[in-house]
Structure formats: C-alpha cells, structure tokens
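Only one structure is covered here, and it is reproduced in the block below.
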Amino acid sequence: MDFEEFRKKASSLININLEGYKEKQLKRRIDHLLAYQGFKDYDDYYIALTKDIIQKQLFIDKLTINVSEFFRNKAIFDTLEKTILTKLLEKRES
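Under UniProt numbering, the residue at position 74 of the sequence shown is numbered 74, and the numbers go up by one with no gaps.
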C-alpha cells in the first residue's frame with residue numbers, strides 16, 4: 001500500500017483524523033517509526049498496528065502531542081493574563 005492509503009487506514013484504526021497533518025511531517029514521523037521498529041513497508045506496519053496494542057500506542061504517541069498549543073505559546077498566555085483576565089476581574093463584584 002502507498003502512504004496515502006496507509007494514512008487513511010491508520011486514521012480509521014486509531015480514530016484520529018490525520019488529514020490535518022502536514023504530509024511531509026507526518027510521512028517523516030511514520031517512516032522513522034516504521035524503520036525503527038523494523039518493518040519493511042506500510043503493509044507490514046499496518047498489520048502490526050491492527051494486531052499489537054503496544055505498536056498501536058507507540059504509533060499514536062509518535063503522532064500526537066499531549067500539550068495544547070495554547071499553553072505552549074507564551075504570547076497567547078500573556079495576552080490572556082494581561083488583557084482578558086484583567087478585564088474580567090475589573091467587572092467582577094467584590
């Protein structure tokens with residue numbers, strides 16, 4: 001199977017929409033994981049993902065980031081603190 005077919009099948013398997021990921025970045029991550037785990041192609045890797053819960057979890061962990069973008073971006077957090085929260089607190093009755 002080619003990369004696009006693998007992405008569609010894997011997306012369905014893990015119940016995460018992989019269409020929003022940048023293709024080059026996603027392919028690089030998957031290809032690295034595939035090679036690191038010793039699989040020869042997408043077919044073999046997909047079969048392993050369907051049969052091995054550990055492989056499936058490693059795949060999910062490699063593709064996802066468990067921190068929201070909001071808290072990773074200091075400028076957004078500073079705006080929340082200095083602008084939005086300040087205004088909300090001003091309106092609050094004591």
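We put the CB at the ideal spot given by N, CA and C, even for glycine. Keep in mind the model is a prediction, meaning the values are calculated, not measured.
Please determine, among the options, the residue with the shortest C-alpha to C-alpha distance to residue i.
i: K57; options: F6, I16 and E5; result: Position check: residue 57 holds Gln in this sequence, whereas Lys was assumed. When only C-alpha atoms are compared, the closest one is I16.
i: E4; options: F59, I54 and K27; result: K27
i: L33; options: I14, Y45, K91 and K74; result: Y45
Which of the three DSSP states is assigned to residue i in this structure?
i: I54; result: helix
i: L88; result: helix
i: S22; result: The identity of residue 22 in the sequence shown is Lys, whereas the question assumes Ser. If DSSP states are grouped into helix, strand and coil, K22 belongs with coil.
i: D41; result: coil
i: D31; result: helix
i: F16; result: A small correction: the amino acid at residue 16 is Ile; Phe does not occupy that position in the sequence shown. In the structure shown, I16 sits in coil (DSSP, three-state: anything other than H, G, I, E or B).
If I follow the unbroken alpha helix (DSSP H) through residue i, where does it start and stop?
i: F77; result: K74 to T79
i: I65; result: Run containing I65: none; DSSP gives neither H nor E here.
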